[in-house]
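Since the structure comes first, as structure tokens, the remarks are kept for the end.
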Amino acid sequence: MHGRSRVLPRIVRWLLLPYLGLVVSGAAGAQVLEISAADVSGAGWTVQHPRVTLATSAQGDQLRLAVGVVQTGRRKLWRRARWQCGLRTTQGWACPQGHLVVDGSPWGALHGDGQVRLRQVGGSGQAVLAVRGAQFGSARVQVQSTAAGQWHLTGAGSLPVGGLVRAFTLLPASWQTSGQARWQVRAQGASWAQARQMAFELQGSQLQFSSPDGLQGAQGVALQLQGAGVYSGRWHGSARLRWTAGGVLWSPWYWTAPAEPVQVKARWKQTSRAWQLDEGSVRWPGLGQGGFALYWPTQSGVLRWQIRDMNVAMAPLYANWIKPLALPGGLAAGLQASGQVRFSVAGEGGLNALRWDLRNAAVSSPNRLLAVTGVNSRGAWSRIGKISAATLRWQSAALYRIPVGPLHADLVVNPQGFHLRQPFTLTMLGGELHFRQLAARWTGPRSGFSMSGDLQGASMAQLTRIMHWPPFTGTVSATIPELQYHAGDLSTSGALSAQVFGGTVRVNDLHVENFFGVLPLLRANIEISGVRLKPLTDAFHFGYISGVLHGGVKNLALLNWSPEAFDAQFHTVPVPGVRQEISYAAVQNLTRLGGGNGIGGLFQSLFLRMFKTFAYAHLGMGVRLSHGVAELSGVGVEDSGFVILQGQGLPRVDIVGYNRRVNWNELLARLQTAMHSGAQVQTGE
Amino acid sequence: MTRQDWLKTQGWRSMLALGLLMALSACVTVNIYFPAAAAQKLADQVVGEVYKAAAKGALLAPVAPAVSVPAPPAAPTRSAAPGSNALSMASPYHAASYLLAMGFSAISGTAEAAANLDASSPGVQSARAQLEAIAAQMRPYFVSGAVGFTANGLVAIHDAAAVPLQQRAALNGLVNSNNSALSNLYQQIADANGHPEWAGQIQQTFAQAWINKAPAGYWYQSPSGQWQKK
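So the protein lines, in turn, are chains Z and B. Residue numbers for the first sequence follow the working numbering, beginning at 1 and rising by one. Residue numbers for the second sequence follow the working numbering, beginning at 1001 and rising by one.
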């Protein structure tokens, strides 16, 4: 009997066998009976070229079953499978010692032994199949049926996970997998043709996988999957997954199973095109919990997923999920976070939308370069062109140990980043930092942050104390044209200008590499103009000098905020209405700065002390720092020395230095303490 | 032809050759060649200090190595300086060649003497500090064989499975950061010496130093790409 057989869509396989029994009985006396079909298929499965052969002889009856291909969906599970056994027909049918050979399967070639029993009493039937093989473990399936066609199936067994993963292409074929799984299944149907209910449990232990490069893998994983389903036109039901042990690496992330199991529950539904998970919930002890949904197309299309109202602790979220994305050694890699965040995320391939509500969070770096407390933020972001609102607040912050006051910023979030809805002001150093513009871009070559604004009335005394710089008094006001932070580097596209001591300081070409990293490197060019010397020297307690100072610092390089190289030139310029005078104390200090030991000689000293101030024509100094050595210069040259101060009138005081090259650290020390050298003071008499 | 005529002819030929060489010498461009010896010494020094920082597991304070090694004459000239008996040669051609060679040597020598490597610039120090900071994190991966040095002065994953699963999570990021720091260092040294185009040669010089100074057990790639254990 050859032909093409289309069995009822929901038929179960074992129903073929009683049918065959009737055929055999009716063909008594035949030596060999063979039944074959082109294919037999049901919902989701197909058996190609099945063939049943019954041979009778004086030695006994032999039953042989053979199939070409067994496949579920598009996946071919078995190729060329044969079952052969001696058939006994005394009490029903039984194959007590059967032998199974499968040439191709996800586990490779299979060889196994087992038994099949079929018994029919009245309208009821019972079938038992038990198989065991080295490659595929063991399986025992028992089916009982009633005359009305109701049936009940139970099955249990174990199998190596490697084959299961390959069979359902859960991981790429080149990955190594291992582990054992135990399974149980129960199913029942109201008629011969249809299963109505089913329940299953799969327990995997010592599960391992590894990608060829070793950057994805798992070790010692234990999973338990339980589920149940009902057929009412389509399959649907519930499932629960528990992760109880082991570690999973998916570079750059690594997760270990917490002490209490991670638990995922969902309602599931199978359609002709996809698997759907709805009403899902995730509970991750130590991290948080929330809901999810998932749409997984079985044929073509993109995975769609949603995570809803996840309420998680920031500390483990940042440490295990966000920090691995940060560059090693950068600011983000060293941060610690705390607080709670509730968020929802949606994706279709990539990330599509995000909504967050951050509450009472704090962020800090170990070296206190950055610390923010009392952070609250709410907002939403969408990849598909929607603009949404967000707020960011904090109670206090510190940047490079500089305290910053509370923040309340309203933001406009767009697909590429965010910008300010309206300007805001931060208090810092006793003054105010006004943000005219603040924006961020997530992607592209210009990703990072940018801001522009003004600084008003910042206390230099506070700043110099915090930064451990030489003490400095007064306040500073500055204009920040556009400050950009990108990939760890800080730079300006314009000139920062500050009003200091009645003059202007302009910082051009500012660029800080590795701003939050190891040894930040600052490069800049600085111009000063119109700086009044009297308040400047008062601030430094340098002695009285009046006049107006111009100059600049070219090619300034600060490594870890300490000068490494620069070329500085400062000099006074005559301005109508501004006297150019210098006090005895300032002369003494300038002399020391130039390498001398103050005003030498008893007569000179006593004479000069008689005058409170001295008029001067030119005052200035140049310092060129390179390789730890400062090369000094002045406003003129005299003999082999350089003129720092050129006096005017009587008594006239000139300061001339002769030590042009001096160690930088020594020069710094001269600023605070007098050093012994050979500067020359001329009284001009 | 008498010997006198022969000498006369040879003398004219020599003068002609001398004139030709003089004309050619007027078009000579003096190049500053890559200071291979200075680069090698600098590479050895930097590599040694990075290995030291990695072993200590802590960042070393930055130091400014001002390596000043006169570069060897890396550019061979066809008219190499002859021996001390050169002047004793009778031929005017040889004498002219000698004079020209001396001239070349003088010009070339001056240029090469200036071709030292300066590694004290702030950019180089910053790059070194970043590299040393990463080196401490990279060391366990080198020791275990998870990573090794490539033949071109960078690092690559050799056998990720050599370290436990948890440690592998940061491996790829560290390798990328380490390579960024290395590339930055090579470029900063080249820039600091006013020859950005030297970065490739500096990288190749460092490639050998990383391998030569590597502790036993470290893995490295041969020029053919084969992994070998030191």
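Yeah, the Cβ is synthetic: ideal placement off N, Cα and C, and Gly gets one too. Values in this document were obtained by computation on a predicted structure and should not be read as measured data.
Roughly how many angstroms separate the alpha carbons of Z:L438 and Z:G551, rounded to a whole number?
32 Å
Looking at C-alpha atoms only, which residue of Z:F542, Z:S529, Z:F501 and Z:Y485 is the closest neighbour of Z:G517?
Z:Y485
With a cut-off of 8 Å, do at least 3 Cβ pairs link the region 459-473 of chain Z to the region 488-499 of chain Z?
In short, these stretches do not touch, since the Cβ pair count stays below three.
Taking Cβ-Cβ distances shorter than 8 Å, what residues in chain B pair up with Z:S210?
A1161
Quick check: does the Cβ of Z:H419 come within less than 6 Å of any heavy atom belonging to the ligand GTP?
Summarising the ligand content, the structure contains no ligands, and the ligand GTP is consequently not present.
Please tell me whether Z:E279 has its Cβ less than 7 Å away from any Cβ of chain B.
Not one chain B Cβ lies under 7 Å of Z:E279.
Just to confirm my understanding: we take Z:H618, look at its own chain, exclude 5 residues before and 5 after, and list those with CB closer than 8 Å. What are they?
Within the same chain, Z:H618 has close Cβ partners H571, T572, V635, G636, V643, L645 and Q646.
Counting only Cβ-Cβ distances shorter than 7 Å, please list the residues of the region 1193-1216 of chain B near chain Z, keeping chain order.
none
According to the neighbour-count rule (16 or more other Cβ atoms, all chains shown, within 10 Å of its Cβ), is B:N1212 buried or exposed?
exposed
Here's a check: name, in chain order, each residue in its chain whose Cβ is nearer than 7 Å to the Cβ of B:A1199, leaving out the five neighbours to either side.
Y1186, Q1187 and A1190
Residues of chain Z with CB under 7 Å from B:A1169, in chain order?
L249, S251, P252, W253, Y254 and P324
Could you tell me whether any Cβ in chain Z is nearer than 7 Å to the Cβ of B:A1058?
Low local confidence applies: a pLDDT of 42 at B:A1058 is under 50, so the model's placement there is unreliable, with the coordinate-based value given in what follows. Answer no: the Cβ-Cβ gap between B:A1058 and chain Z never drops below 7 Å.
So Z:A565 contacts chain B; which residues on that side make the cut at Cβ distance below 9 Å?
S1121 and P1122
Quick check on this structure: which residue in Z:P481, Z:M310 and Z:L510 has the alpha carbon closest to the alpha carbon of Z:G291?
Here the closest residue by C-alpha is Z:M310.
Should B:A1119 go down as buried or exposed, given a rule of 16 or more other Cβ atoms within 10 Å for buried?
By the 10 Å Cβ count, B:A1119 comes out buried.
Here's a check: name, in chain order, each residue in its chain whose Cβ is nearer than 6 Å to the Cβ of Z:G189, leaving out the five neighbours to either side.
W151, A195 and R196
Thinking just about the alpha-carbon of each residue, which of Z:V623, Z:A380, Z:A332 and Z:A495 is nearest to the one in Z:D454?
Z:A495
Which residues in the same chain have their Cβ closer than 8 Å to the Cβ of B:P1196, if we skip the five residues on either side of it in sequence?
For B:P1196, same chain residues with a beta-carbon under 8 Å away, outside a window of 5 residues either side, are Q1187 and A1190 in chain order.
Cα-Cα, which of Z:V531, Z:S529, Z:E513 and Z:G530 is closest to Z:R523?
Z:E513
When DSSP builds the beta bridges, which residues end up paired with Z:Q499?
Z:S477 and Z:T504
Measure the C-alpha to C-alpha separation of Z:A361 and Z:L241 and round it to an integer number of angstroms.
31 Å
Where does B:F1142 fall in DSSP's three states?
helix
With respect to the beta strand (DSSP E) encompassing Z:T613, which residues constitute its N-terminal and C-terminal limits?
T613 to S626
Kindly indicate which residue of B:S1222, B:Q1228, B:A1209 and B:A1216 has the alpha-carbon position closest to the one of B:A1039.
Per the Cα distances, B:A1209.
Z:S124 bridges to which residues according to DSSP?
Z:V121
How many Å lie between Z:W243 and Z:P261 at the Cα?
5 Å
For Z:L429 and B:N1176, I'd like the C-alpha separation in whole angstroms.
39 Å
Is the shortest distance between the beta-carbon of Z:A315 and the beta-carbons of chain B less than 7 Å?
no
Run down chain Z in chain order and give the residues with a C-beta less than 7 Å from the C-beta of B:N1172.
Contact note: B:N1172 reaches chain Z through L215, S251 and P252, using a C-beta cutoff of 7 Å and chain order.
Return the chain-ordered list of same chain residues with a C-beta closer than 7 Å to the C-beta of Z:T46, the five sequence neighbours on each side being excluded.
Here the set comprises D39 and Q71.
For Z:L202, which beta-bridge partners are listed by DSSP?
Z:W183 and Z:L225
Considering Cα atoms alone, identify which of Z:Q180, Z:S497, Z:W394 and Z:Q206 is closest to Z:V221.
Z:Q206
What residue from Z:I384, Z:L426 and Z:P403 has the CA that sits closest to Z:L392's CA?
Z:L426
Can you name the residues of chain C whose CB is closer than 7 Å to the CB of Z:L521?
The structure shown contains no chain C; its protein chains are Z and B.
Closest Cβ-Cβ distance between B:A1129 and chain Z: below 7 Å?
Yes, contact with chain Z.
Report all residues from its chain with a CB closer than 8 Å to the CB of Z:R308; omit the five preceding and five following residues, and keep chain order.
G290, G291, F292, A293 and S344
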